[in-house]
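Asker:
Residue numbers (my numbering): 627 to 1140.
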């Protein structure tokens, strides 16, 4: 078809004035866009002379669009006439792409086809209710194709990430150039994985104008490098809700490239993990990092579970075995956390002249905040090293359940700050307390941190939480969530790639990016 020789990256420009559109166009160019979609319906007040000047001033190839039913459109009953004026002007000025709403296509497409020189005609449909099966989406594309357009385009709202599956099916089986975009945070993979299924164009957002479901332009070029994605690319990702805070893509994608491994790692905003794994069940979806709140429920979704993960009752990694497609669950959180804490305590012992072969965690009171997936991993890991585990959690029943599993003790979260039965304790925060945007929060007050020898915080956004800052101020050894993140990611990467793990490179990436 001549469209997929080079992936095109398009930035949507929505602005009220010509001047703003020109500035945004320049920014899009700086951030790596190949072309822009100029949403003329967003300009207010509408003056055709301003539109003409804008099109003559364009510094990038452009798609000119004017949506009749756009929320930005304030022209009401006069919108059709304004739209026709814009489309005819774009053809007259030989703009690269001219987009027509499907409902208007049969009224004007023949005229535009006859008058055009080099412009490509796109006929588009914006579906508010979503198209949740491949047959319905296929039927819609047949209708769009019947207009005789050079390119057809569907923008559809999705309620769940699984609603994106029909998009990939259509991209794979379409016989004409097609642009399909799933709107909203759960539709992000329609752009990030589109090139794997044959998309010739993807959309991105300007750095200062976040649009749900669109990756930032800079991430397309620098993080994901979608130009390198092809049909053989293996898909990995972080399954979480929320998922926007995850730094996984910043680490795993460069590591894949460093190892010359054909893989892409993407954020996956998943509401129902069982349904997600059922829908995206092909071998190309090769492995997943499992985040909150799915680490425990993911156990039941696996065909096999590693013995450690089974005893913990939580998995943070799922790998699809290529020989039979079965899902195998693992937990790399436990070893990552425990070894990070042990290494920090041993380093402290060495500096004090103390050297011991046994675990420095053994015999200590291990105060754990949080009884979710990461909390369970730490509780079992601490118990295996001989620690006495005390668990605090907002949901006291969950704390009690975990305490029984590790022969520990559960206490109400309200007692945490004042809890001080002895000195030399270890504090491990595995809750979301202190995570962005609530960076002002901390589970234990600064003064009461003096009772601890070491403070660990699983939160890594921000890298230096209030809890860690205040622990350092009172002279306590700290272990950052970033260190845990590096170690568990190394474990995951080895599972994803069957043993490859460039540790020095991955550490360097994390310390530069986080």
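We treat Cβ as the ideally placed atom computed from N, Cα and C, and that holds for glycine.
In or out: residue 628 buried (at least 16 other Cβ within 10 Å) or exposed?
Answerer: On the chain shown, position 2 is the one that residue 628 refers to. In this predicted model, residue 628 has a pLDDT of only 42, less than 50, meaning its place in the structure is not dependable; the value taken from the coordinates is given anyway. Exposed, by the Cβ-count rule.
Asker: Determine the closest residue to residue 899 out of 1104, 927 and 885, with distance taken between C-alpha atoms.
Answerer: As a working note, residue 899 is residue 273 in the chain shown. Checking every option, the nearest Cα to that of residue 899 belongs to 927.
Asker: Consult DSSP for residue 628 and reduce its assignment to one of helix, strand or coil.
Answerer: Residue mapping note: residue 628 aligns to position 2 of the chain shown, counting from 1. Because residue 628 carries a pLDDT of 42, less than 50, the predicted location of this residue cannot be relied on, and no value is offered for it.
Asker: Using the Cβ count rule (16 or more neighbours within 10 Å means buried), how would you classify residue 695?
Answerer: Within the chain shown, the letter at position 69 stands for residue 695. Residue 695 should be labelled exposed.
Asker: Which residues in the same chain have their Cβ closer than 8 Å to the Cβ of residue 809, if we skip the five residues on either side of it in sequence?
Answerer: Residue mapping note: residue 809 aligns to position 183 of the chain shown, counting from 1. Closer than 8 Å at Cβ, skipping near neighbours: 781, 782, 783, 784, 838 and 839.
Asker: Quick check: what's the CA-CA separation for residue 1121 versus residue 931?
Answerer: On the chain shown, position 495 is the one that residue 1121 refers to. On the chain shown, position 305 is the one that residue 931 refers to. Whole-angstrom Cα-Cα distance: 13 Å.
Asker: What three-state label does DSSP hand residue 827 in the structure shown?
Answerer: The count along the chain shown starts at 1 and reaches residue 827 at position 201. DSSP places residue 827 in strand when its eight states are reduced to three.
Asker: Would you kindly work out how many angstroms separate the C-alpha atoms of residue 1035 and residue 970, rounded to a whole number?
Answerer: On the chain shown, position 409 is the one that residue 1035 refers to. On the chain shown, position 344 is the one that residue 970 refers to. Between residue 1035 and residue 970, the C-alpha separation is close to 25 Å.
Asker: My parser needs the alpha helix (DSSP H) runs of 4 or more residues fully inside the stretch 930 to 962; what are they?
Answerer: 933 to 938
Asker: When the Cα atoms are used, what is the spatial distance from residue 742 to residue 803?
Answerer: Position 116 of the chain shown, counted from the start, is the residue given in the question as residue 742. Position 177 of the chain shown, counted from the start, is the residue given in the question as residue 803. Cα to Cα, residue 742 sits roughly 19 Å from residue 803.
Asker: Buried or exposed, going by whether 16 or more other CB atoms sit within 10 Å of the CB of residue 957?
Answerer: Taking the chain shown and counting its residues from 1, one reaches residue 957 at position 331. Classification for residue 957: buried.
Asker: Following the continuous alpha helix (DSSP H) through residue 868, name the residue where it begins and the one where it ends.
Answerer: Taking the first residue of the chain shown as 1, we reach residue 868 at position 242. Unbroken run through residue 868: none, as it is neither H nor E.
Asker: What first and last residue would you give for the alpha helix (DSSP H) that runs through residue 718?
Answerer: Within the chain shown, residue 718 is the residue found at index 92, counting from 1. 705 to 718 is the extent of the alpha helix (DSSP H) around residue 718.
Asker: Could you check which residue in 885, 722, 736 and 1002 has the C-alpha nearest to that of residue 1127?
Answerer: Here residue 1127 corresponds to residue number 501 of the chain shown, with the count starting at 1. Nearest to residue 1127 by alpha-carbon distance, out of 885, 722, 736 and 1002, is 885.
Asker: Tell me whether the beta-carbon of residue 807 lies closer than 7 Å to the beta-carbon of residue 786.
Answerer: The count along the chain shown starts at 1 and reaches residue 807 at position 181. The count along the chain shown starts at 1 and reaches residue 786 at position 160. Cβ atoms of residue 807 and residue 786: not closer than 7 Å.
Asker: Might you give, ordered along the chain, the residues of its own chain that have their beta carbon closer than 6 Å to the beta carbon of residue 690, omitting 5 neighbours on each side?
Answerer: Counting from one through the chain shown, the residue named residue 690 turns up at place 64. So the qualifying residues of the chain are 664, 716, 721 and 724.
Asker: When DSSP labels each residue in this structure, what does residue 593 get in the three-state scheme?
Answerer: Nothing about residue 593 can be reported from this structure: the residues present for the chain run from 627 to 1140 only.
Asker: Between residue 992 and residue 944, is the Cβ-Cβ spacing less than 7 Å?
Answerer: Walking along the chain shown from the start, residue 992 turns up at place 366. Walking along the chain shown from the start, residue 944 turns up at place 318. No, they are not a contact pair.
Asker: Just to check my reading of the structure: residue 849 and residue 819 have Cβ atoms closer than 8 Å, yes? What is that Cβ distance to the nearest angstrom?
Answerer: Within the chain shown, the letter at position 223 stands for residue 849. Within the chain shown, the letter at position 193 stands for residue 819. Not confirmed; about 14 Å, so no contact.
Asker: DSSP on residue 983, reduced to helix/strand/coil?
Answerer: Counted from its first residue, the chain shown places residue 983 at position 357. Residue 983: coil per DSSP, three-state reduction.
Asker: Residues in the same chain with beta-carbon distance under 7 Å from residue 1075, minus the five sequence neighbours each way, listed in chain order, please.
Answerer: For the purposes of this step, residue 1075 is taken as the residue at position 449 of the chain shown. Same-chain partners within the cutoff: 1081, 1096, 1097, 1100 and 1102.
Asker: Would residue 1056 and residue 1000 be called neighbours here (beta carbons separated by less than 7 Å)?
Answerer: Taking the first residue of the chain shown as 1, we reach residue 1056 at position 430. Taking the first residue of the chain shown as 1, we reach residue 1000 at position 374. Yes, the pair counts as a contact, with Cβ atoms nearer than the cut-off.
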